[in-house]
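Those protein sequences? They're chains D and V, same order as listed.
Start counting the first sequence at 1; every next residue gets the next number (UniProt numbering).
Start counting the second sequence at 1; every next residue gets the next number (UniProt numbering).
Contents: one structure, followed by commentary.
Protein chains: 2
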Amino acid sequence: MTTVPDKTAAITDTVHRYLELVAQGRADEITELYADDATVEDPVGSDVHVGRQSIRKFYGNIENIKARTELLTLRVCGNEAAFLFRLEMDLGDNTMTIEPIDVMVFDADGRIASMKAYWN
Amino acid sequence: MTTVPDKTAAITDTVHRYLELVAQGRADEITELYADDATVEDPVGSDVHVGRQSIRKFYGNIENIKARTELLTLRVCGNEAAFLFRLEMDLGDNTMTIEPIDVMVFDADGRIASMKAYWN
């Protein structure tokens, strides 16, 4: 492993921040975590969102949702992170819970260069 | 999602089979699960093994190890799978346990085209 501890800590922080912002539905701030030319594939197998404008639009979908997120397992390796988390969305009368595995690749500036979300 | 149920079932089977073979240290049969020009990056950030010969050599490292594997979480999306599993290796006097997140991409024939393992 060539991972520098500081880089691992920075990636860990960004993953925690990402889940916090997703829970709060703060689409603008989520988008700021991404690189300009980043890609988002969520779920994997669906159309890939390329670039911040497209990514901002994607996260607009969760802007008004009340949610809770919990990081269950995080693995940081090199410039990448894989993590399992719980997303509980409050839909008024009921709650929808999914537990995706997300994979993120980070660029040299610590921004998310790509995100892929695995969930059914 | 455009995932055909049969494809999802086939990928699920292969993941189970993979973990079974890893536990048994059956390097030849593990290698057969891979496509000819497949890549393995384990752990992510280390050198990538390209092609079956290199992959066979890599799994040779676990050929004589007694191990137990347990699938903890599996997500199959499109042609890909992400899964968290426990690998318990019997090292004689003691046991080493790791819980990696692996990501596999499958080709049209259902073989593993790439594998990336996230663990510390």
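Beta carbons: idealized from backbone N, C-alpha and C, even for Gly.
Identity of the residues DSSP links to residue i by a beta bridge
i	result
I112 (chain D)	D:Y34, D:F106
T88 (chain D)	Per the sequence shown, the amino acid found at residue 88 (chain D) is Glu instead of Thr. Note: E88 (chain D) sits in a beta bridge opposite D:R68, D:T97.
F83 (chain D)	D:L74, D:D102
Y118 (chain V)	V:I101
Identity of the residue in the options nearest residue i by Cα
i	options	result
R56 (chain V)	V:E20, V:W119, V:T39	V:T39
V103 (chain V)	V:I112, V:D47, V:R52	V:I112
H16 (chain V)	V:H49, V:I62, V:L84	V:L84
I62 (chain D)	D:A9, D:I30, D:N120, D:A10	D:I30
T69 (chain D)	D:G78, D:Q24, D:D13, D:S46	D:Q24
A67 (chain V)	V:E80, V:D37, V:L21, V:N120	V:L21
R52 (chain V)	V:E41, V:E32, V:R75	V:E32
Residue-chain proximity (residue i, chain D), Cβ-Cβ < 9 Å
i	result
F106 (chain V)	no
A82 (chain V)	yes
R75 (chain V)	yes
I112 (chain V)	no
V40 (chain V)	no
I101 (chain V)	yes
V44 (chain V)	yes
Exposed unless 16 or more other CB atoms sit within 10 angstroms - verdict on residue i
i	result
M115 (chain D)	buried
L87 (chain V)	buried
G92 (chain V)	exposed
D28 (chain D)	exposed
T95 (chain V)	exposed
G60 (chain D)	exposed
E80 (chain D)	buried
Any chain V beta carbon closer than 9 Å to residue i
i	result
V50 (chain D)	no
V22 (chain D)	no
N120 (chain D)	yes
G25 (chain D)	no
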